[in-house]
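Right, one structure below, let's go through it.
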Amino acid sequence: MGRSPCCEKAHTNKGAWTKEEDERLVSYIQAHGEGCWRTLPKAAGLLRCGKSCRLRWINYLRPDLKRGNFTVEEDELIIELHSLLGNKWSLIAGRLPGRTDNEIKNYWNTHMRRKLLSRGIDPSTHRPTNDLAVDSMSTSFGAVSKEEKIAGVPTCKHQENPYEGKCQELNLDLKICPPFQHQSEPLKSRGREDLCFYCSLGLQNSKGCSCSGGDSGFARHE
DNA sequence: AACTGCAACAACCGCCTTAGT
DNA sequence: CACTAAGGCGGTTGTTGCAGT
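The first sequence lines up with residues 1 to 222 when you count with the UniProt record's numbering.
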């Protein structure tokens, strides 16, 4: 019944990765590419689940990872992106070169939540915490309910939400907007200086848009 | 020095989406 | 169109290290 397991759990290691395992994985991927994660562990001589290999590679072994502390600029960008996208960590990570969704998620749950709370802002809704009583029934802003997912049309439930305008304009159909290509360069040196934050998210017509070229940016990419 | 509580983060689990047949 | 396998994502848990008592 149900789905078959993603791998033979009886013959796989679990828990922390050893240096040996890391080296095996890295050398295999460098030689053969990522390919099929299901068959990779066996081919690389690893007693690991394919998912585990993928996670390890994406989150810790990829050569383009930045690691280290988050900068103030990254902090603010994460807050801004989270206010618009909610817990869409992979989308947020796509806007932060060298950072992974898992890293950002952990960082958010440890540092950022506290930071926002200390500012008197609810980390889930991005609204002042003393507003919570007004709208205690609301779900997290940016989060899409199951029903909304099924309908395919995220709706704004927050009549007085300061982000309501953004929400209506927010084009979450981000598949037409490729992620950053120049991941090794910092934000301001990517040749996108002409794009404001909203344009970079595909919100060319947003009220918050401050850049000159309304039709420039990702909207042209197809 | 031993204990406890907490923060940080690595890793796993289960569900959903997508591609292939 | 239906089904299946694999990939991907987000939530959650487990482990480790550190600070405070």
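Glycine is no exception: its CB is placed at the ideal position from the N, C-alpha and C atoms. Since the model is a prediction, treat every value here as computed from it, not as a measurement.
query	result
Bounding residues of the alpha helix (DSSP H) (the contiguous stretch that carries R127)	Where R127 is concerned, there is no enclosing alpha helix (DSSP H), given that its DSSP letter is neither H nor E.
Contact check, I121 vs I104, beta carbons under 7 Å	no
Per-residue burial, R67 [other beta carbons within 10 Å of its own, 16 or more giving buried]	exposed
Spatially closest choice to G98 from F70, S124, L47, by CA coordinates	F70
In DSSP terms, what I121 is bridged to	P128
K14 (DSSP reduced to helix, strand or coil)	coil
Under the three-state DSSP convention, the category W89 falls into	helix
From N13, H111, H126, T18, residue whose alpha carbon lies closest to that of G86	H126
contact_flag[the region 36-56, the region 72-80] where n(CB pairs < 8 Å) is 3 or more	no
Spatially closest choice to H111 from I79, L25, K14, G50, by CA coordinates	I79
Beta-carbon separation (whole angstroms), R56 vs W17, contact threshold 8 Å	6 Å
D64 (DSSP reduced to helix, strand or coil)	coil
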